[in-house]
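Student: Below is the structure I would like to discuss, written out as structure tokens.
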Amino acid sequence: MSLQDILAVAVPGSPEETLARQINFDRLPSHVAIIMDGNGRWASRRHLPRVEGHRAGIDSVRDVVESSARLGIQVLTLYAFSLENWKRPASEVSTLMSLLKRYLRLELKTLLTNNIRFRVVGRKDELAPDVRRELTIGEERTSGCTGMLFNIALNYGGRAEIVDAARRAIAAGLKPEELDEPRFGELLYTGGQPDPDLLIRTSGEMRVSNFLLWQIAYAEIWVTDTLWPDFRCRHLLEAILAYQKRDRRYGGLKEPAIAGR
Ligand code: FPP
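Reminder that position 199 of the sequence shown reads as 405 in my numbering, one-by-one numbering, no gaps.
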């Protein structure tokens, strides 16, 4: 997973090639998290029903998942459906669930070919049995993959995740003095994974929308006006380049990796 893997699929002379050549592959973000927003606006600008925006958004999901794996990103998390999204019309919710099932069914082979492990983060137990079944198949079949970890945040809420972690701590009988930040982090849905270094949001909104609230404490945030269905590898590369120009200080004076040099 490297520049060569990206160049192998980039059109010579394309923006992807130019951007990829500028990336420092030794300083990639370990974990990229994306708030995929703007599907509805993409559709309404084309006088299409909102669900057509979600349908078109699947092509972006496919492109970003494969591009991230090619780049060598360790963890990619996409925010597909929040706990709050149940407030949307039932027809939109059911289209989103169908699209998700379809994506998993069609893309499982590609995930396996690319050695991508798939996981759900969120309250999976509350989803309909047919959706859960498809998700479990995806998780089980890819469980032996050792390349990129692809999390789909589904029926997910950041505050709910923190409450669920607190409940787990109580259920495990942890004493107050046994609980610190690393231990609590292990109890989150993303336990064992690095925190996101880079949080991308499409469609220009400046909000974190209850996404990975604990984990994004020190994430670099990159917002683009591009609507999710238009988002492609090129935009991901732009985000990574912007990230690599940031000065990460974690509240201190220098990036820990280079402090003391
Ligand atoms: C936000 O756009 C997008 C969503 C709520 C759903 C995102 C889901 C997908 C792209 C499809 C399924 C995902 C996977 C991972 C297979 P919006 O509808 O809020 O847009 P708007 O703000 O323009 O109305």
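Backbone N, C-alpha and C define an ideal beta-carbon position, used for all residues, glycine too. Predicted, not measured: the structure shown is a model, and the values here were computed from it.
Note the first and the last residue of the continuous beta strand (DSSP E) segment covering E426.
Tutor: Translated into the one-based positions of the sequence shown, residue 426 becomes position 220. Residues 426-429.
Student: Kindly indicate which three-state DSSP category A275 falls into: helix, strand or coil?
Tutor: Mapped onto the sequence shown, residue 275 falls at position 69. Helix.
Student: Determine whether the beta carbon atoms of S288 and Y362 lie at a separation below 8 Å.
Tutor: Here the question's residue 288 lines up with position 82 in the sequence shown. Here the question's residue 362 lines up with position 156 in the sequence shown. Yes.
Student: Go to S300, then tell me how far its alpha helix (DSSP H) extends in each direction, as first and last residue.
Tutor: One-based indexing of the sequence shown puts residue 300 at position 94. Where S300 is concerned, the enclosing alpha helix (DSSP H) stretches over 296-319.
Student: Say yes only if the C-beta of F287 is nearer than 7 Å to one or more non-hydrogen atoms of the ligand FPP, and no if none qualify.
Tutor: What you label residue 287 is simply residue 81 of the sequence shown in a count that begins at 1. Answer for F287: yes, Cβ within range of the ligand FPP.
Student: Should the region 328-342 be called in touch with the region 379-389, which here means at least 3 C-beta pairs below 8 Å?
Tutor: Counting Cβ pairs under 8 Å, fewer than three are found: no touch.
Student: So I241 and F437 are supposed to be a Cβ contact under 8 Å. How far apart are they, rounded?
Tutor: To locate residue 241, count along the sequence shown from 1; it is residue 35. To locate residue 437, count along the sequence shown from 1; it is residue 231. I241 to F437, Cβ: 11 Å. No contact.
Student: Taking all protein chains shown into account, decide if I376 is buried (16 or more other Cβ within 10 angstroms of its Cβ) or exposed.
Tutor: In the sequence shown, residue 376 corresponds to position 170, counting from 1. The residue in question, I376, is exposed, as its Cβ has fewer than 16 Cβ neighbours within 10 Å.
Student: Taking 7 Å as the cut-off, is the C-beta of R325 nearer than that to any heavy atom in the ligand NAP?
Tutor: Inclusion of the ligand NAP in the displayed structure is not the case, the ligand content consisting of the ligand FPP alone.
Student: Taking the C-alpha atoms as reference points, what is the distance between Y456 and W420?
Tutor: One-based indexing of the sequence shown puts residue 456 at position 250. One-based indexing of the sequence shown puts residue 420 at position 214. Those two C-alpha atoms are separated by around 15 Å.
Student: Which residues share a DSSP beta bridge with N357?
Tutor: The residue labelled residue 357 in the question sits at position 151 within the sequence shown. Per DSSP, T283, R325.
Student: Suppose you measure from the CA of L447 to the CA of K381; what does that come to, to the nearest Å?
Tutor: Start at 1 with the first residue of the sequence shown, and residue 447 comes out as number 241. Start at 1 with the first residue of the sequence shown, and residue 381 comes out as number 175. Near 44 Å, if we compare the C-alpha coordinates of K381 and L447.
Student: For L289, which residues does DSSP report across the bridge?
Tutor: In the sequence shown, the residue the question calls residue 289 occupies position 83. None; L289 has no bridge partner.
Student: Does the ligand FPP have even one heavy atom less than 7 Å from the beta-carbon of R311?
Tutor: Within the sequence shown, numbered from 1, the residue matching residue 311 stands at position 105. Residue side-chain check: R311 keeps its Cβ at 7 Å or more from all non-hydrogen atoms of the ligand FPP.
Student: Given a threshold of 16 other Cβ atoms within 10 Å of its Cβ, counted over all protein chains shown, does Y424 qualify as buried or as exposed?
Tutor: Stepping through the sequence shown from its first residue, residue 424 is reached at position 218. Classification for Y424: exposed.
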